[in-house]
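Position one of the sequence shown corresponds to residue 358 (the numbering used here), numbered consecutively onward. The C-beta atom is built at its ideal place from N, Cα and C for all residues, glycine as well. Structure first, then comments.
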Amino acid sequence: MNDTFKIFVILLFVINTSCKAQQIVQTPEDVYKLKTNEQQFINKPLKNLLNEIKPEIKLVLGTVDYPPFFSFYFISREELNKKTLGSTLRFYVYVKEPLDWNFDKRPKSTAYNWTKEDLEKYGNLTVERIKVSGKE
358 MNDTFKIFVI
368 LLFVINTSCK
378 AQQIVQTPED
388 VYKLKTNEQQ
398 FINKPLKNLL
408 NEIKPEIKLV
418 LGTVDYPPFF
428 SFYFISREEL
438 NKKTLGSTLR
448 FYVYVKEPLD
458 WNFDKRPKST
468 AYNWTKEDLE
478 KYGNLTVERI
488 KVSGKE
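As structure tokens, this is what we get:
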């Protein structure tokens, strides 16, 4: 009886750890899966979408026009400047609420970075649309 219980506990542990959901975007090339699964994120907080992305977002730009949106890149600003216009893999997240994004008021050292403070400030914005463009 004791051995059966131990086997049951071990089996339960193995099943539990193997059933953890993986993030949708494992590599930058997987970013197109966001568009495929767009309905999963529409009318949900931005932070839900960002939690599904494993690769580091190295560059972000906010556009306050209508409609407001973020442009996210997996490369740095320096790398972007070396690439051909339009060839860089990126994704855009359009949000319902107006963006309070003022590039000039951002710290110069992190002006182009997506920070924890940004996640706190913008994480609850509602996703309206996702667009992916470019290629790696």
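Report the option in the options whose CA atom is closest to the CA atom of residue i.
i, options, result
"Leu407", "Thr445, Lys390, Pro425, Gly491", "Lys390"
"Thr393", "Val417, Leu442, Arg434, Phe448", "Phe448"
"Lys495", "Asp475, Pro455, Lys492", "Not covered by the structure: residue 495. The range shown for the chain is 358 to 493."
"Glu386", "Thr445, Ser433, Thr420", "Thr445"
"Lys404", "Thr472, Lys488, Thr467", "Thr472"
Can you give the beta carbon distance from residue i to residue j, rounded, assuming they're within the 8 Å contact cut?
i, j, result
"Val450", "Phe431", "Not a contact, Cβ separation roughly 14 Å."
Determine the direct distance from the alpha carbon of residue j to that of residue i, and round the result to whole angstroms.
i, j, result
"Tyr423", "Val388", "24 Å"
"Glu510", "Gln380", "Because the chain here runs from 358 to 493, residue 510 falls outside it and cannot be looked at."
"Glu436", "Leu416", "10 Å"
"Asn470", "Tyr479", "14 Å"
"Val382", "Asn359", "43 Å"
"Glu495", "Glu485", "Only positions 358 to 493 of the chain appear in the structure, and residue 495 is not among them; the question remains open."
"Leu418", "Gly443", "15 Å"
"Glu474", "Gln396", "27 Å"
"Pro402", "Asn438", "31 Å"
"Val489", "Ala468", "23 Å"
"Lys411", "Thr361", "39 Å"
Let me know if residue i comes out buried or exposed under the rule of 16 or more other beta-carbons within 10 Å of its beta-carbon.
i, result
"Val452", "buried"
"Ile399", "exposed"
"Phe460", "exposed"
"Pro455", "exposed"
"Pro425", "buried"
Can you look up residue i in the DSSP assignment and give me helix, strand or coil?
i, result
"Glu454", "coil"
"Lys488", "strand"
"Val388", "helix"
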